[in-house]
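Peer 1:
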């Protein structure tokens, strides 16, 4: 066994999961990579999406993907759920299909877009769909194999309803479809409602992630996206200040140690500006090397809570849930 280098992104991801990674290589035969990871046991009930999917029986769905294998897989999944998929290989054929369906009086109500396609990508196609007055506005889900830190923000700007990464987990896809179509969710309530049936406008948070580490960015974006939140990423405290000035956020995840301006100074400046507005933006500190006194320094700077890296999903969930109902 040969250990991967500590700077290798794969090795860093495995280390975040308290595991090890190694490889076996034999000339002429190839290389086999193996890794271990420590994973928790979920005590949450597995959501039953059958009722929600039954309500969408025969839903016309357009699948746009330039990869034949991906199209075949997605078509088979949607067929199995008794939806009515049409598959095309690119933006031009997608626009033709959308216009034809609208003219026939049976417009597509849902479009699954590949994020990366030759020519015009999924974002370009989504914008074209919204700009076409002859096509009734469908719900749109972006499915991409190359997640970028800025994708969530681009989806929000364009008007794409949900973002998923490949390979798509069936339960994630079914939950996303049920949610964006607004039917009773797999957890027994309408999308956007809480357990009492009241609209919970803050269940989905707009989060600013201030983090300079690329691996940590990707881990956080994937985790927060799966939890249903929108994420905007910046890589230093100065850009965090600019982002907070440019648009409203429900929460900031702030790395303590960043170039140009660290998280402590950025937080102090945010709090100073808030004195004239009376607003309080929740800020959660993040640090990879917890030192004695870090928590006190974070609280003194005006931060509301504290997370240690590598991220543990249960800890992230607990902190985010505390800000849905109120700060810790």
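Numbering (our numbering), first residue to last: 14 to 341. Even for Gly, the Cβ is constructed at its ideal location relative to N, Cα and C. Predicted model only: the values in this text are computed from it and were never measured.
#1: Would you list the one or two residues that DSSP bridges to residue 336?
#2: Counting only the same chain and skipping the five closest in sequence on each side, list residues whose C-beta sits under 8 Å from that of residue 129.
#3: Report all residues from its chain with a CB closer than 7 Å to the CB of residue 79; omit the five preceding and five following residues, and keep chain order.
#4: Quick check: the stretch 80 to 100 against the stretch 145 to 152, are at least 3 beta-carbon pairs closer than 8 Å?
#5: Starting from residue 232 and walking both ways along the alpha helix (DSSP H), at which residues does that stretch end?
#6: Between the stretch 243 to 263 and the stretch 216 to 223, are three or more C-beta pairs nearer than 8 Å?
#7: Between 65, 133, 230 and 92, which has its C-alpha nearest residue 195's C-alpha?
#8: Give the DSSP-derived three-state secondary structure of residue 46 in the structure shown.
#9: Do the stretch 163 to 175 and the stretch 243 to 250 touch if we need at least three Cβ pairs shorter than 8 Å?
#10: When DSSP labels each residue in this structure, what does residue 260 get in the three-state scheme?
#11: I'd like to confirm the pairing. Which residues does DSSP put opposite residue 299 in its beta bridges?
#12: Shortest alpha-carbon distance to residue 179 belongs to which of 287, 238, 274 and 42?
#13: Restricting to Cα atoms, I'd like to know which of 281, 170 and 325 is closest to residue 54.
#14: Taking Cβ to Cβ, would you say residue 254 is nearer than 8 Å to residue 283?
#15: Would residue 274 and residue 251 be called neighbours here (beta carbons separated by less than 8 Å)?
#16: Leaving out five residues on either side along the sequence, give the residues of the same chain with a beta carbon under 6 Å from the beta carbon of residue 349.
#17: Within 10 angstroms of the Cβ of residue 108, are there 16 or more other Cβ atoms? Answer buried if so, exposed if not.
#18: My output table needs one value for residue 129: the three-state DSSP class, helix, strand or coil.
#19: Report the residue ranges of all alpha helix (DSSP H) runs contained in full by the stretch 126 to 194; include only those spanning at least 4 residues, in chain order.
Peer 2: On the basis of the supplied data:
#1: The partner list for residue 336 (beta bridge, DSSP) is empty, contrary to what the question assumes.
#2: 135, 157, 158 and 159
#3: 102, 103, 127, 130 and 131
#4: no
#5: According to the DSSP assignment, residue 232 belongs to the alpha helix (DSSP H) that extends over 227 to 239.
#6: yes
#7: 65
#8: strand
#9: yes
#10: DSSP places residue 260 in coil when its eight states are reduced to three.
#11: 268 and 320
#12: 238
#13: Nearest in C-alpha terms to residue 54, of all of 281, 170 and 325, is 325.
#14: Contact flag set, yes.
#15: The Cβ-Cβ distance between residue 274 and residue 251 falls below 8 Å.
#16: Summary: the structure shown does not reach residue 349, with the chain confined to residues 14 through 341, and so no result is reported for it.
#17: Burial state of residue 108 is buried, judged by a 10 Å Cβ sphere holding 16 or more other Cβ atoms.
#18: coil
#19: Those alpha helix (DSSP H) runs which fall completely within the stretch 126 to 194 and span 4+ residues are 135 to 144, 164 to 171 and 183 to 194.
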